[in-house]
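These notes are about the structure you will find just below.
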Amino acid sequence: MCMTCGCGSSEVLIRGRKPAAKQAPVRFRLHESAADSGHAQRIVKLEQDILSENDRHAQANRRHFQQHGMLVLNLMSSPGSGKTTLLVRTLEALRDSCALAVIEGDQQTEQDAERIRATGVPAVQINTGKGCHLDAQMVGRALPELPLPQGGMLFIENVGNLVCPAGFDLGEAAKVVVLSVTEGEDKPLKYPDMFRAASLMLLNKCDLLPYLSFDVDQAEAYARRVNPALRIIRISATTGVGMADWLAWLQALRTKAPEAT
Amino acid sequence: MHEMSLAQSVREIIEAAAHEQGFVRVKTVWLEIGRLSCVEAEAMRFCFSAAMQGSVAEDAELEIVDTPGRGRCPQCGHEAQIVQVYEACAQCGSYGLQVIDGDAMRVKELEVE
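Here the protein sequences line up with chains A and B, keeping their order. Each residue of the first sequence is one higher than the one before, counting from 1 in my numbering. Each residue of the second sequence is one higher than the one before, counting from 1001 in my numbering.
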């Protein structure tokens, strides 16, 4: 298992076999009072959400984005879904009409930020090292490194990973999940948290469909089973199919950005 | 998902509470981990002791309070225990159950001295 994030081989349910290592029943002990134990022991009730610190940073980011009239999107997918290519095409389509900036998240290298900068759009790269997702504090620390796109859009390209990024609010207006048709159509069921957290799914690389056995309708049905409100756009960053719908979706969100946040 | 950084968040919550409430050692930590919360309890156990090193909870025992998932059907209102968020409603077959319990990740309480 990954020591940094707990990602990895700790799957406990093996399909087709008796569920292994069923967890022992939880012992919720009756609390001893300080008087019983003879020590100055006591129970401190906290009831505090583990993500509360991340959420506090996310809210600060969100206020910051609102103050600058920025629409902020959190793009998430598995590695290799074509997220960066799709983002480059999106920036090329938008750069003449609105201010733009990008935060790139990867474990290593600055290659993606360099691809973005080649479009003329400012980009900051966050290398998470062994970390598997961006969190709100990382984004907050990256913001001063960028010329903020006042009244425009900030795209945050999360670390390629269909699991961890889903749980961490960055302060964005919406999460967008990119699924490519070279992956399995059952990805939404295998990684439901990601598809549940997203407002939009871009089904990318649709130009390759004639060469694949990918069942588009099944993939979309699975995604809607997880999240019936999910908007889905079939797209190809290579041929441009679906780009107009994606840009229209962004524009619609932009016009109602204050409410969306 | 991301149990090590979540374990570090648990440490920060505990350290902040120690500072505010003046305790110096934590004997037991109760964490509520809902079955729909995207935290794997075993991974959290693995990360917990590493994350607590050098903190007031260094030798603390971890008790995981495991809460089952519950969903409500948006169509017929039926409520039932669920294992996955994408299950169909047992009564009317609709998808899109609203999670009403079992998605929390929470530091519930501490036994301290």
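Beta carbons are placed, not taken as given, at the ideal position from N, Cα and C, and that holds for glycine.
Beta-bridge partners of residue i, as assigned by DSSP
| i | result |
| --- | --- |
| Asp-1101(B) | Arg-1070(B) |
| Thr-1028(B) | Glu-1061(B), Glu-1111(B) |
| Gln-48(A) | Val-1107(B) |
| Asn-74(A) | Ile-156(A), Lys-175(A) |
| Gln-296(A) | Not covered by the structure: residue 296(A). The range shown for chain A is 1 to 261. |
| Met-201(A) | Val-177(A), Ile-232(A) |
| Gln-955(B) | Nothing in the structure corresponds to residue 955(B), since chain B is present only between 1001 and 1113. |
| Gly-1034(B) | Thr-1067(B) |
| Arg-42(A) | Val-1112(B) |
Length of the line joining the Cα atoms of residue i and residue j
| i | j | result |
| --- | --- | --- |
| Cys-1073(B) | Leu-1097(B) | 5 Å |
| Arg-231(A) | Ile-43(A) | 46 Å |
| Gly-105(A) | Gln-41(A) | 44 Å |
| Leu-100(A) | Val-72(A) | 10 Å |
| Lys-187(A) | His-1002(B) | 19 Å |
| Ala-118(A) | Arg-1045(B) | 45 Å |
| Ile-103(A) | Glu-1113(B) | 44 Å |
| Ala-60(A) | Val-1024(B) | 31 Å |
| Met-76(A) | Ala-1017(B) | 34 Å |
| Gly-1034(B) | Asp-55(A) | 18 Å |
| His-88(A) | Arg-115(A) | Looking at the sequence itself, residue 88(A) is Val, so the reference to His does not match. Approximately 8 Å between the Cα atoms of the pair. |
| Ala-197(A) | Glu-172(A) | 12 Å |
| Pro-202(A) | Glu-1015(B) | The residue asked about is misnamed: residue 202(A) is Leu in this sequence, not Pro. When rounded, the distance between both Cα atoms is 42 Å. |
| Arg-141(A) | Pro-210(A) | 44 Å |
| Ser-52(A) | Phe-214(A) | 40 Å |
| Ala-58(A) | Thr-182(A) | 33 Å |
| Thr-1067(B) | Ala-1041(B) | 11 Å |
| Ala-136(A) | Leu-143(A) | 11 Å |
| Gln-1053(B) | Gly-80(A) | 37 Å |
| Arg-224(A) | Ala-1051(B) | 37 Å |
| Ile-126(A) | Val-216(A) | 33 Å |
| Asp-96(A) | Met-194(A) | 32 Å |
| Ser-1009(B) | Asp-49(A) | 9 Å |
Same chain only: Cβ atoms within 6 Å of residue i, ignoring 5 sequence neighbours per side
| i | result |
| --- | --- |
| Thr-239(A) | Asp-207 |
| Glu-1111(B) | Lys-1027, Thr-1028 |
| Glu-145(A) | Val-124 |
| Phe-957(B) | With chain B covering only 1001 through 1113, there is no way to say anything about residue 957(B). |
| Pro-122(A) | Ala-101, Leu-146, Pro-147 |
| Pro-165(A) | Met-76, His-133, Asn-158 |
| Gly-82(A) | Ser-180, Asn-204, Lys-205, Ala-237 |
| Glu-1109(B) | Trp-1030 |
| Gln-218(A) | Glu-185 |
| Arg-1106(B) | Glu-1032 |
| Met-1004(B) | Cys-1047 |
With 16 other Cβ atoms within 10 Å as the buried cut-off, status of residue i
| i | result |
| --- | --- |
| Glu-47(A) | exposed |
| Arg-63(A) | exposed |
| Lys-301(A) | With chain A represented from 1 up to 261, any question about residue 301(A) goes unanswered, as that position is not in the structure. |
| Gly-167(A) | buried |
| Leu-1031(B) | buried |
| Val-177(A) | buried |
| Thr-128(A) | buried |
| Asp-1059(B) | exposed |
| Gly-160(A) | buried |
| Ser-199(A) | buried |
| Ala-35(A) | With a pLDDT of 43 at Ala-35(A), under the threshold of 50, the modelled position of that residue is not reliable, and the figure given next carries that caveat. When all chains shown are included, Ala-35(A) counts as exposed. |
| Gly-1022(B) | exposed |
| Gly-120(A) | exposed |
| Leu-212(A) | exposed |
| Ala-1104(B) | buried |
Cβ shell of residue i (< 7 Å), same chain only, five flanking positions each side left out
| i | result |
| --- | --- |
| Gln-1091(B) | Cys-1073, Cys-1076, His-1078 |
| Tyr-222(A) | Glu-185, Asp-186, Pro-188, Leu-189 |
| Pro-192(A) | Val-226 |
| Ser-1055(B) | Arg-1011, Ile-1014, Glu-1015 |
| Thr-84(A) | Asp-112, Arg-115, Glu-157 |
| Val-139(A) | Asn-61, Ile-103, Ile-156, Leu-170, Gly-171 |
| Leu-253(A) | Leu-71, Ala-173, Ala-174, Ala-260 |
8 Å Cβ shell around residue i - same chain, five flanking residues per side excluded
| i | result |
| --- | --- |
| Met-70(A) | Leu-148, Pro-149, Gln-150, Gly-151, Gly-152, Met-153, Leu-154, Ala-257 |
| Asp-245(A) | Ile-233, Ile-235 |
| Leu-247(A) | Thr-90, Ala-93, Leu-94 |
| Arg-1070(B) | Glu-1079, Ala-1080, Gln-1081, Ile-1082, Val-1099, Ile-1100, Asp-1101, Gly-1102 |
| Ser-1094(B) | Cys-1073, Pro-1074, Gln-1075, Cys-1076, Ala-1088 |
| Val-1065(B) | Trp-1030, Leu-1031, Glu-1032, Ile-1033, Lys-1108 |
Element boundaries [beta strand (DSSP E), containing residue i]
| i | result |
| --- | --- |
| Met-70(A) | Counting along the chain, Met-70(A) falls outside any beta strand (DSSP E), and DSSP gives it neither H nor E. |
Where the alpha helix (DSSP H) through residue i begins and ends
| i | result |
| --- | --- |
| Arg-115(A) | 111 to 117 |
| Cys-1047(B) | 1041 to 1052 |
| Ser-1005(B) | 1003 to 1021 |
| Gln-218(A) | 216 to 226 |
| Pro-188(A) | 187 to 190 |
| Thr-238(A) | Per DSSP, Thr-238(A) belongs to no alpha helix (DSSP H) and is neither H nor E. |
| Gly-140(A) | 136 to 142 |
| Lys-130(A) | It is not in any alpha helix (DSSP H) - Lys-130(A) carries neither H nor E in the DSSP assignment. |
| Val-88(A) | 83 to 94 |
By the 8 Å beta-carbon criterion, what residues does the segment 152 to 170 of chain A contribute toward chain D?
Protein chains in the displayed structure are A and B, and chain D is not among them.
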